[in-house]
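What follows is a set of notes on a single structure, which appears directly below.
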Amino acid sequence: MEISDMCWLPSEQNAKHQKTITITVEESGSPYAYVYRELCEKYFTKLYQYVSITRKKTNKTDLLINAPEDMEAKISSTAQEGYKISSSNGLTSISSTSHNGVLYGIFRVIQGIQKGDSLENISIEDRPATSIRMLNHWDNIDGSVERGYAGKSIFFQNDEINYDYKAMIQYAELICSIGINAVCINNVNVHYIETKLITNEKLDQVSQLAEIFRKYGIALYLSVNYASPVTLEKLDTADPLNEDVIRWWENQTALVYKAIPDFGGFVVKADSENRPGPHTYGRTHEQGANMIAKALSPYGGKLFWRCFVYNHLQDWRDRSTDRAKAAYEHFMPLDGEFEHNVILQIKSGPMDFQVREPVSPLLGALKKTNNVVEFQITQEYTGQQIDLFYLPQQWREILDFDTFYFNEGAKIHQLLSKSSANNIYKGVTAVANIGRDKYWTGHKFAQANLFGYGLLAWDPVRDTDNILETWLELTFPELDFEAQKVIFEMLKESTEIYENYTAPLGVGWMINKEHHYGPSVNAYEYEPWGTYHFSDREGLGVDRTVNGSNFVNQYSESNKNTFNDIRKCPENLLLFFHHVPYTHKLSTGNTVIQEIYDTHFYGVERIEKILTTWNNHRSDFPEPLYDHVRRKLEKQISNAREWRDQVNTYYYRMSGFDDKYGRKIHE
Ligand code: GCV
1 MEISDMCWLP SEQNAKHQKT ITITVEESGS PYAYVYRELC EKYFTKLYQY
51 VSITRKKTNK TDLLINAPED MEAKISSTAQ EGYKISSSNG LTSISSTSHN
101 GVLYGIFRVI QGIQKGDSLE NISIEDRPAT SIRMLNHWDN IDGSVERGYA
151 GKSIFFQNDE INYDYKAMIQ YAELICSIGI NAVCINNVNV HYIETKLITN
201 EKLDQVSQLA EIFRKYGIAL YLSVNYASPV TLEKLDTADP LNEDVIRWWE
251 NQTALVYKAI PDFGGFVVKA DSENRPGPHT YGRTHEQGAN MIAKALSPYG
301 GKLFWRCFVY NHLQDWRDRS TDRAKAAYEH FMPLDGEFEH NVILQIKSGP
351 MDFQVREPVS PLLGALKKTN NVVEFQITQE YTGQQIDLFY LPQQWREILD
401 FDTFYFNEGA KIHQLLSKSS ANNIYKGVTA VANIGRDKYW TGHKFAQANL
451 FGYGLLAWDP VRDTDNILET WLELTFPELD FEAQKVIFEM LKESTEIYEN
501 YTAPLGVGWM INKEHHYGPS VNAYEYEPWG TYHFSDREGL GVDRTVNGSN
551 FVNQYSESNK NTFNDIRKCP ENLLLFFHHV PYTHKLSTGN TVIQEIYDTH
601 FYGVERIEKI LTTWNNHRSD FPEPLYDHVR RKLEKQISNA REWRDQVNTY
651 YYRMSGFDDK YGRKIHE
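Its first residue numbered 1, the sequence shown is counted upward by one per residue in our numbering.
Have a look at this one:
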């Protein structure tokens with residue numbers, strides 16, 4: 001594997017503006033002092049002309065890394081993961097009470113120097129707002145990646161755990177530098193061979209991976225197959241109340257912890273999209289989850305239990321079932337029933353990582369259960385790392401959504417950062433966008449999504465423009481401000497542009513079936529997946545009001561009233577909540593049909609303009625980058641045109657309304 005891209009970490013592109021630095025990593029008995037030395041050696045040498053690393057402080061020491069022997073082995077609060085960088089009399093020190101904190105402090109200093117700060121001016125005390133900052137890889141052991149758009153798996157190949165050691169170290173450093181502290185290496189859809197990852201056949205190799213991640217304060221997790229006892233042990237049931245099943249999980253979990261004493265825990269997708277689960281055995285989610293959680297509990301392990309549970313075999317004729325309601329209906333009645341180490345993993349929206357959907361009503365509603373929000377960095381429905389989509393802007397809106405469940409502090413970002421006695425673990429997880437691609441992420445600019453995820457997970461109120469500027473400064477030190485600004489504008493606009501030509505007004509699921517790239521208006525309309533737009537000759541949209549599916553009722557009173565009332569419902573969610581006639585007037589004065597035409601034309605024009613700008617600035621960028629981005633933009637434009645023409649033609653034929661500007665719509 002040839003992944004040489006350093007992303008936002010110092011590389012040969014960094015000019016060595018700074019002259020000399022003496023770094024002291026005190027030999028204080030910390031088992032990780034060697035990691036700090038390695039990091040300093042690797043990265044400070046990219047930024048300084050002369051670097052000397054000592055084990056004892058002298059009067060030459062510029063940077064002192066203090067790693068106390070009694071550093072907390074297990075992190076039990078976000079304060080512990082914090083760090084302090086302070087300077088006085090020419091000496092800058094990094095200190096923390098945990099290994100993670102020291103690492104984050106070192107990367108913070110590196111970033112400061114990269115951005116041109118002088119060492120003495122980097123004084124900061126920081127800590128993460130959330131305790132869980134996780135990545136889920138959907139990697140399969142055959143090397144494929146479900147919904148992966150960046151090449152093959154970095155962990156697996158040909159039914160084996162098989163990775164490039166150097167690249168793995170690089171990956172761990174990359175994600176540590178943005179504060180990630182947990183990684184689940186395999187797909188939530190656990191197939192036969194992956195089921196064996198928790199057995200002696202594979203544990204040796206899993207533990208070697210865990211060892212790499214441990215160096216960087218990252219706990220390793222595995223997705224497990226709920227029916228493992230049946231698949232592996234040939235028990236005739238995986239019933240969570242069955243004694244043999246309970247014992248099987250206890251024994252298997254003990255084996256895992258013998259191999260990896262600080263193993264993070266399991267992730268489970270149960271009773272969802274053909275995956276087995278407790279329902280398969282006539283039991284409930286809390287019975288299934290608690291049984292596995294109890295097996296993990298003696299070792300401090302956690303169980304992430306996904307709430308992506310719905311009927312994927314719905315009859316499209318059945319208008320009484322609304323998939324959006326499923327997660328809440330399954331899990332809300334179970335609030336308070338889960339073991340202390342169960343964490344419910346809730347997709348950010350009630351459907352499935354669409355370009356636009358409301359925030360899941362389960363977030364904020366659960367009061368007595370640990371939960372994390374799940375984002376998707378891999379761009380399944382958002383352009384597949386061909387089309388530009390700067391995801392942090394979407395997440396910013398989600399994090400700022402007010403659930404109105406409490407008098408104060410009810411925005412999603414506030415809920416994620418607050419722990420309470422019943423609800424200890426809080427945070428975020430996201431599906432990774434990584435593969436063996438030379439840029440790691442398929443599109444070089446998709447690195448901004450991974451970077452932004454890390455920074456928002458750490459600080460969920462952070463401004464996304466500032467994240468983008470920081471990413472640009474760190475990633476492209478060789479580009480001048482004007483050139484960086486070109487990329488900044490492209491990414492800033494990208495989210496709206498993609499929404500313009502794919503999903504204006506909150507309409508969803510007009511995407512090609514299975515691979516989910518490009519338009520196909522009715523691909524899902526007569527299918528069992530519960531994802532419809534109900535277009536007819538009069539209008540379109542899904543009535544989820546009190547007179548329709550009553551999904552609105554799952555929100556707090558205030559949000560329910562907003563979404564239910566067509567005059568108050570945000571227009572970018574109009575078709576998610578309401579079935580409206582084509583003649584319905586919007587705040588812009590446009591009718592819905594005209595808005596459909598306008599947004600699709602506008603989206604294409606905007607992306608065409610971006611390519612023109614990119615071409616005009618050709619000489620500002622190194623040829624490989626210019627060419628890489630140009631080729632992606634050309635593909636995006638042809639995709640956007642296809643969306644425009646298929647959707648506009650479809651609605652022209654369906655409604656008979658002309659475009660008031662007389663633009664070309666195919667008949
Ligand atoms: C891993 C969507 C995706 C599936 C994915 C699933 C999930 O349905 O299309 O590929 O499966 O979400 O989140 O479990």
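Think of the CB as a built atom: it goes at the ideal place given N, C-alpha and C, for glycine as much as any other residue.
Discussion item. Among the candidates T475, N466, Y221 and H330, whose CA atom is the shortest distance from the CA of I132?
Written reply: Y221
Worksheet item: Whole alpha helix (DSSP H) runs in the segment 574 to 628 with 4 or more residues, listed along the chain?
Response: 574 to 577 and 592 to 616
Worksheet item: Is DSSP giving L255 helix, strand or coil here?
Response: helix
Worksheet item: Measuring from the CB of F308, is there a heavy atom of the ligand GCV at a distance below 7 Å?
Response: yes
Fill in: Other residues of its chain near V355: CB distance less than 7 Å, five sequence neighbours each side excluded
Y381, T382, Y498, E499, T502 and A503
Worksheet entry | Paired residues, beta bridge with W305 - DSSP | V268 and L344
Item to complete: Identify every residue that forms a DSSP beta bridge with C7.
Response: For C7, which the question treats as bridged, DSSP gives no partner whatsoever.
Worksheet entry | V647 beta carbon near the ligand GCV (any heavy atom closer than 7 Å) | no
Worksheet item: Would you call the segment 42 to 53 and the segment 11 to 26 touching, i.e. three or more CB-CB distances under 8 Å?
Response: yes
Worksheet item: Tell me the DSSP bridge mates of Q157?
Response: E160
Worksheet entry | C-alpha distance - I412 paired with F577, whole-angstrom precision | 21 Å
Worksheet item: Relative to the ligand GCV, is the shortest distance from any of its heavy atoms to the C-beta of D352 smaller than 7 Å?
Response: yes
Discussion item. Spatial neighbours of M1 within its chain, please: C-beta separation below 7 Å, excluding the five flanking residues on both sides.
Written reply: Residue placement at M1 is poorly supported in this model, since its pLDDT is 49, which falls under 50; the coordinates still yield a value, given next. Cβ neighbours of M1 beyond the five flanking positions: D164, A167 and R436.
Practice prompt. Could you tell me the distance, in whole angstroms, from the CA atom of Y532 to the CA atom of R630?
Written response: 35 Å
Worksheet item: For C176 versus G151, is the C-beta distance shorter than 8 Å?
Response: no
Worksheet item: Taking 7 Å as the cut-off, is the CB of V188 close to at least one heavy atom of the ligand GCV?
Response: yes
Worksheet entry | Status (buried if at least 16 other CB within 10 Å, exposed otherwise) for N187 | buried
Item to complete: Quick one: give me the first and last residue of the alpha helix (DSSP H) that V428 is part of.
Response: Here V428 belongs to no alpha helix (DSSP H); instead the beta strand (DSSP E) covers K426 to V431.
Worksheet item: First and last residue of the alpha helix (DSSP H) that includes Y328?
Response: A326 to F331
Discussion item. If distances are taken between C-alpha atoms only, which option among D335, P392 and R275 comes closest to A365?
Written reply: D335
Worksheet item: If we count Cβ pairs, one from each stretch, closer than 8 Å, do we get three or more for the segment 323 to 332 versus the segment 474 to 483?
Response: no
Worksheet item: In terms of residue numbering, what span does the beta strand (DSSP E) encompassing V183 cover?
Response: A182 to C184
Item to complete: Take every Cβ of the segment 293 to 312, pair it with every Cβ of the segment 262 to 269, and state whether three or more of those distances are shorter than 8 Å.
Response: yes
Fill in: K347 beta carbon less than 8 Å from that of F338
no
Item to complete: Count the other C-beta atoms from every protein chain shown that fall within 10 angstroms of the C-beta of F481, then say buried if there are 16 or more, exposed otherwise.
Response: exposed
Item to complete: With a cut-off of 8 Å on the beta carbons, I'd call W440 and G452 a contact; round off their distance for me.
Response: The Cβ separation is near 15 Å, so there is no contact.
Discussion item. Under 8 Å: do the segment 76 to 83 and the segment 98 to 109 share three or more Cβ pairs, one atom per stretch?
Written reply: yes
Fill in: Identity of the residue in R618, K609 and Y597 nearest Y650 by Cα
Y597
Fill in: Buried or exposed by the 16-neighbour rule on C-beta atoms within 10 Å, applied to D239
buried
Worksheet item: Nearest-angstrom Cα distance between G668 and V580?
Response: In the structure displayed, the chain extends from 1 to 667; residue 668 sits before or after that span and is not available.
Worksheet item: Are there three or more Cβ pairs, one per stretch, closer than 8 Å when the segment 604 to 612 is compared with the segment 635 to 650?
Response: yes
Worksheet item: Would you call the CB atoms of G454 and I180 closer than 8 Å?
Response: yes
Practice prompt. Within the segment 43 to 115, note down every full beta strand (DSSP E) run reaching 3 residues or more, in order along the chain.
Written response: 48 to 54, 63 to 65, 83 to 88 and 91 to 95
Discussion item. Below 8 Å, how does it come out for the segment 251 to 263 and the segment 293 to 306: are there three or more Cβ pairs, yes or no?
Written reply: yes
Worksheet item: Going by the CB atoms, is the gap between A432 and T378 shorter than 8 Å?
Response: yes
Item to complete: For E380, verify whether its CB is less than 7 Å away from any heavy atom of the ligand GCV.
Response: yes
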